Amino acid sequence: RTDGRFILLGMFTTSTCSGTVSSSMSIKNASSRMNRSSCVPMSRWRIPVRFGSSRFQGNLQLNSTTSRATTTETTSQPETSSDASSSSAAAANGGGQSQAYPFGFVESKWQKYWAQNKTFRTPDITKVDTSKPKHYVLDMFPYPSGAGLHVGHPEGYTATDITSRFYRMRGYNVMHPMGWDAFGLPAEQYAIQTGTPPAVTTAKNVERFRDQLQSLGFSYDWERELATTDAKYFKWTQWIFLQLLEKGLAYRAEVPVNWCPALGTVLANEEVIDGLSERGGHPVVKKPMMQWMLRITEYADRLLEDLDELDWPEGVKEMQRNWIGRSEGASVSFPLSSSDDDERLTVFTTRPDTLFGVTFVCVAPEHPWLMDKLVTE
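Going by UniProt numbering, the first residue of the sequence shown is number 1, and it counts up by one from there.
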């Protein structure tokens with residue numbers, strides 16, 4: 001500033017991944033200690049700083065060779081002008097003993113404040129300016145199926161937390177909830193391994209996971225916390241299924257599945273690696289079983305068309321197009337020479353122009369009726 005006073009905004013990050021604390025610090029009467037032409041601090045000097053509270057004050061120590069910042073914690077009343085002059089003089093003369101920045105004190109203080117004041121609660125739409133834009137940030141809910149979070153959890157959650165804070169600072173009404181994907185194989189297997197009912201292990205793990213996330217300082221709206229095992233939640237998944245069933249989009253069929261006898265469940269293709277279950281490394285076999293199926297292909301065209309409306313990287317959208325898997329081609333029927341009732345084998349091809357070169361037809365082992373008609377030698 002032109003009046004000889006400087007304002008320094010400092011961002012401190014712990015080396016133990018316990019969170020980030022932002023503190024506003026005022027540097028008083030520092031102009032005489034700084035080279036204005038280069039704006040580079042002298043080799044070593046201390047400046048009294050205030051960390052947003054009269055309960056904590058300290059000295060900011062700057063070292064031009066190591067870029068190190070340390071503080072000392074003291075208990076004091078709000079600083080008067082005479083106190084400020086004295087502390088500034090003492091700091092300028094190098095007085096005081098420097099200690100590590102008190103992350104535990106500052107983080108616990110502000111996390112308690114955020115919880116008590118519900119700082120990150122989603123704005124009540126009936127009490128806020130509805131003309132403000134809205135922004136919804138949803139994380140992938142973790143599986144509460146282990147001893148605690150792993151390093152991959154905060155890696156992704158940090159990015160969404162930055163996004164949430166960014167939009168709040170821009171005046172958006174932001175909703176950023178957290179929940180727990182508590183149903184399924186991970187929770188079941190953890191309960192089996194520990195010999196404890198899944199309802200007990202899930203509740204215990206959720207409590208631990210919540211404490212860890214809150215200690216990291218993420219800006220979640222904890223009033224909107226949910227678990228997929230809550231009846232108030234899964235009743236709506238059941239309602240959605242009933243709507244699909246009534247519309248003829250859900251049906252039962254015998255289809256080949258990945259069956260794992262050791263886990264006693266069907267696995268998705270992504271959960272099978274080299275014939276073994278991803279969780280536990282148990283053998284997996286292909287076998288026909290009755291399953292509930294959803295006609296998601298009925299929405300293929302709509303899904304593809306809506307991709308064009310998304311502001312996503314083109315590479316990500318292309319992956320989605322490949323997953324939807326719509327192909328344009330023709331269905332071709334081949335007569336069966338061994339059939340007496342004019343049965344035909346229909347195949348789909350994206351290259352009907354190559355039919356003149358057909359020399360054989362491959363039939364999948366799980367074909368519903370044709371395998372019984374084949375003659376093997």
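C-beta atoms are modelled at their ideal positions from N, C-alpha and C, and glycine is treated no differently.
All values reported here derive from a predicted model rather than from experimental measurement.
With a threshold of 8 Å, are at least 3 pairs of Cβ atoms found where one atom belongs to the region 192-204 and the other to the region 105-118? Output reads no: the region 105-118 does not touch the region 192-204.
Straight-line gap, Gly264 to Val284 (C-alpha atoms, nearest Å): The alpha-carbon atoms of Gly264 and Val284 are separated by roughly 10 Å.
If you draw a straight line from the alpha carbon of Ile296 to that of Ser333, how long is it in whole angstroms? 26 Å
By Cβ distance, which residues of its chain are closer than 8 Å to Val206, with the 5 residues on each side in sequence left out? Pro144, Trp180, Ala182 and Ala227
Sort out for me which residues DSSP pairs Cys260 with in a bridge. Thr265
Taking 7 Å as the cut-off, is the beta-carbon of Arg170 closer than that to any non-hydrogen atom of the ligand FAD? Only the bare structure without any ligand can be found here, which leaves the ligand FAD out of the picture.
For Ser215 and Tyr299, the rounded distance between their alpha carbons: Counting only the Cα atoms, Ser215 lies some 42 Å from Tyr299.
Identify the continuous alpha helix (DSSP H) that holds Gln291 and give its terminal residues. That residue, Gln291, is in no alpha helix (DSSP H); its beta strand (DSSP E) goes Val285 to Leu294.
So, helix, strand or coil for Met169, using DSSP? helix
Limits of the unbroken alpha helix (DSSP H) element including Phe136: The sequence as given places Tyr at residue 136; Phe does not occur at that position. Run containing Tyr136: none in the alpha helix (DSSP H); it sits in the beta strand (DSSP E), Lys134 to Tyr136.
Please list the terminal residues of the continuous beta strand (DSSP E) segment that includes Leu245. Under the DSSP assignment, Leu245 falls outside any beta strand (DSSP E), being part of the alpha helix (DSSP H) whose first and last residues are Ala231 to Glu246.
What did DSSP end up calling Ala300 once you bin it into helix, strand or coil? In the structure shown, Ala300 sits in a helix (DSSP, three-state: H, G or I).
In the DSSP output, which residue or residues are listed as bridge partners for Thr349? Its beta-bridge partners are Ala330.
Excluding the 5 residues flanking Arg165 on each side, which residues of the same chain have their C-beta closer than 8 Å to its C-beta? Residues Ser219 of the same chain have their beta carbon placed closer than 8 Å to that of Arg165, with the five preceding and five following residues left out of the count.
Which of helix, strand or coil does DSSP assign to Val174? strand
Return the CA-CA distance between Thr126 and Leu185, expressed in angstroms with no decimal places. For Thr126 and Leu185, the distance between alpha carbons rounds to 41 Å.
Provide the residue(s) that pair with Arg252 in DSSP beta bridges, ordered along the chain. Beta-bridge partners of Arg252 (DSSP): Trp292.
Would you grab the beta carbon distance between Ala253 and Gln291 for me? Rounded to a whole angstrom, and I think it's under 8 Å. That belief holds up - the Cβ atoms of Ala253 and Gln291 are roughly 7 Å apart, short of 8 Å.
Which of helix, strand or coil DSSP assigns to Pro198: helix
Taking just the CA atoms, how far does Trp323 sit from Tyr251? Approximately 22 Å between the Cα atoms of the pair.
Environment of Met140 [buried if 16+ CB atoms lie within 10 Å]: exposed
Just to confirm, is the Cβ distance from Arg326 to Leu307 under 8 Å? no
Expressed to the nearest angstrom, what Euclidean distance is found between the alpha-carbon atoms of Leu355 and Leu138? 49 Å
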